[in-house]
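Student: Numbering (full-length UniProt numbering), first residue to last: 1 to 370.
Got a structure here, written out as structure tokens. Questions coming.
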Amino acid sequence: MNTMQVARTARWPRWATWGAAAWSLAYGGLGLFWAYGGAGFPFGEGDVPDARAESFLGTATAAGTAPVIAGLGLAGALLAVAMTRDWGGSATTRSGESGARRWGGVARVAMLGPAWAMAFLLVVLVPDARIMTAVGYAPIFLVGLPFGWPDANYFELAFPWPVVNMLICLAGGLLWAGAALAVTRRSAGACQSCGRTEAHAAHWSTPAGAARWGRWAAYTAFAVPLFYSVVRWAWALKIPLLFSEEGIRWLHETGMAWAGAGLATFGAVGGVLTLGLVRPWGEVWPRWVPVLAGRPVPRKLPLGAAGAVTAILASAGAVAVRVTDWTDPSSWLVSPMAYWPVWAVALGLATLAYYYRTRPACPRCGLGGR
Numbered sequence: 001m002n003t004m005q006v007a008r009t010a011r012w013p014r015w016a017t018w019g020a021a022a023w024s025l026a027y028g029g030l031g032l033f034w035a036y037g038g039a040g041f042p043f044g045e046g047d048v049p050d051a052r053a054e055s056f057l058g059t060a061t062a063a064g065t066a067p068v069i070a071g072l073g074l075a076g077a078l079l080a081v082a083m084t085r086d087w088g089g090s091a092t093t094r095s096g097e098s099g100a101r102r103w104g105g106v107a108r109v110a111m112l113g114p115a116w117a118m119a120f121l122l123v124v125l126v127p128d129a130r131i132m133t134a135v136g137y138a139p140i141f142l143v144g145l146p147f148g149w150p151d152a153n154y155f156e157l158a159f160p161w162p163v164v165n166m167l168i169c170l171a172g173g174l175l176w177a178g179a180a181l182a183v184t185r186r187s188a189g190a191c192q193s194c195g196r197t198e199a200h201a202a203h204w205s206t207p208a209g210a211a212r213w214g215r216w217a218a219y220t221a222f223a224v225p226l227f228y229s230v231v232r233w234a235w236a237l238k239i240p241l242l243f244s245e246e247g248i249r250w251l252h253e254t255g256m257a258w259a260g261a262g263l264a265t266f267g268a269v270g271g272v273l274t275l276g277l278v279r280p281w282g283e284v285w286p287r288w289v290p291v292l293a294g295r296p297v298p299r300k301l302p303l304g305a306a307g308a309v310t311a312i313l314a315s316a317g318a319v320a321v322r323v324t325d326w327t328d329p330s331s332w333l334v335s336p337m338a339y340w341p342v343w344a345v346a347l348g349l350a351t352l353a354y355y356y357r358t359r360p361a362c363p364r365c366g367l368g369g370r
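Structural data, given as structure tokens:
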């Protein structure tokens with residue numbers, strides 16, 4: 001077994017936890033800066049006025065929210081440092097590996113509850129759909145760049161300071177998710193790197209089990225953006241599908257009709273690529289890909305891409321949940337945005353299934369392998 005590979009695999013749980021501690025301390029410092037009147041408060045009163053209605057912190061003020069940010073940052077840093085300790089002691093597995101004993105229920109709840117809550121807050125609630133918009137419109141600007149269209153500065157338009165701050169919060173949330181995952185595994189007496197134990201694995205997490213339920217998730221994650229694409233292209237062609245003729249005229253007058261169609265097209269392409277999570281070409285490059293044909297697809301490529309899109313969709317889906325009138329079925333049944341949460345969950349499950357289906361033997365604990 002490659003010693004460097006073992007060391008690299010064993011290292012990520014530790015750096016994720018210390019990274020969450022450092023991020024929390026730094027962002028808590030920003031909260032303190034804003035609490036004392038520092039410039040750049042990015043939420044509520046400091047956000048773009050037109051975007052406040054969709055933001056989870058749209059009514060926030062520096063005077064009221066910044067001290068809370070400072071307090072949460074300090075508490076988060078202390079929690080993350082505490083999470084680096086082993087509260088259950090150590091043990092030796094039958095294979096001779098050094099492992100961890102299960103933690104007591106109080107210790108698990110005290111550590112994992114706030115850790116997962118912090119990850120959920122920073123990944124799902126704090127960001128909004130502007131991250132998805134910025135990422136989705138990037139290909140349109142790249143294609144139109146040689147032709148000088150659209151007539152706007154992409155980075156100024158897509159990444160004002162409040163959106164950059166969302167990306168910072170998203171990065172912090174992913175660090176917290178990694179730290180929480182590592183501690184969840186360690187507190188259960190499992191391998192921190194892969195989550196396996198010497199007990200028999202549950203069927204749903206085996207390659208065969210994951211292939212079965214992952215297929216349903218992947219096809220759902222394919223269908224939702226396809227539906228969205230059909231609707232937006234209908235609007236671009238002035239067909240009032242699920243929309244009023246007045247709304248169609250407004251979209252064309254503002255130029256949003258074709259921009260939306262372009263965004264929907266790239267979403268549909270992403271939906272097709274999602275099928276790679278359950279098809280052979282998601283593991284071996286197909287013959288129509290130059291140079292790479294026949295070579296193995298690095299697992300980190302689909303996992304990283306699909307995982308990043310899932311995180312972005314999760315925050316956009318949370319916005320859809322907040323702004324949709326769920327008491328009126330005639331409204332949400334025909335709203336493409338109302339299906340974003342379904343898309344996020346389906347893509348997340350398809351990604352998880354790909355992870356379980358393709359994971360090799362763990363270089364740290366030696367368990368598993370297809």
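Note that the Cβ used here is the ideal one computed from N, Cα and C, for glycine as well.
Keep in mind it's a predicted model, so treat the numbers as computed, not measured.
Taking only runs that begin and end inside the segment 218 to 265, name each unbroken alpha helix (DSSP H) of 4 or more residues, in chain order.
Tutor: 245 to 254
Student: I need the DSSP call for Thr93, collapsed to helix, strand or coil.
Tutor: Any reading at Thr93 needs caution, since the residue's pLDDT is 45, under 50, leaving its predicted position unreliable; the model's value is listed next. Three-state DSSP puts Thr93 in coil, outside helix and strand.
Student: Starting from the C-beta of Ala236, find all residues in its chain whose C-beta is less than 6 Å away, skip the five residues before and the five after it, and write them out in chain order.
Tutor: Excluding positions up to five away in sequence, the list reads Ala257, Trp258, Ala261.
Student: Given that a residue counts as buried once 16 or more other Cβ atoms are within 10 Å of its Cβ, and exposed if not, what is Leu263?
Tutor: buried
Student: What is the rounded straight-line gap between the Cα of Trp116 and the Cα of Gly317?
Tutor: 19 Å
Student: Under three-state DSSP, which class holds Pro127?
Tutor: coil
Student: Classify Pro280 as helix, strand or coil using the three-state DSSP reduction.
Tutor: Residue state, collapsed to three classes: helix.
Student: Compare the Cα-Cα distances from Val309 to each of Arg279, Arg287, Val278, Val345 and report the closest residue.
Tutor: Val345
Student: Ala70 and Gly40 - do their beta-carbons sit closer together than 9 Å?
Tutor: No, they are not a contact pair.
Student: Would you check if the segment 35 to 52 and the segment 196 to 213 touch, i.e. whether three or more CB-CB distances between them fall below 8 Å?
Tutor: no
Student: For Pro296, which of helix, strand or coil comes out of DSSP?
Tutor: strand
Student: Measure the beta-carbon distance from Thr206 to Arg299 and round it to whole angstroms, keeping in mind my assumption that it falls under 8 Å.
Tutor: The beta-carbon separation of Thr206 and Arg299, rounded to 17 Å, does not stay under the 8 Å limit for a contact.
Student: Once the 5 residues before and after Ile312 are set aside, which same chain residues still bring their CB inside 7 Å of it?
Tutor: Ile131, Met132, Val135
Student: Arg94 to Cys362, Cα distance in whole Å?
Tutor: Low local confidence applies: a pLDDT of 42 at Arg94 is under 50, so the model's placement there is unreliable, with the coordinate-based value given in what follows. Whole-angstrom Cα-Cα distance: 16 Å.
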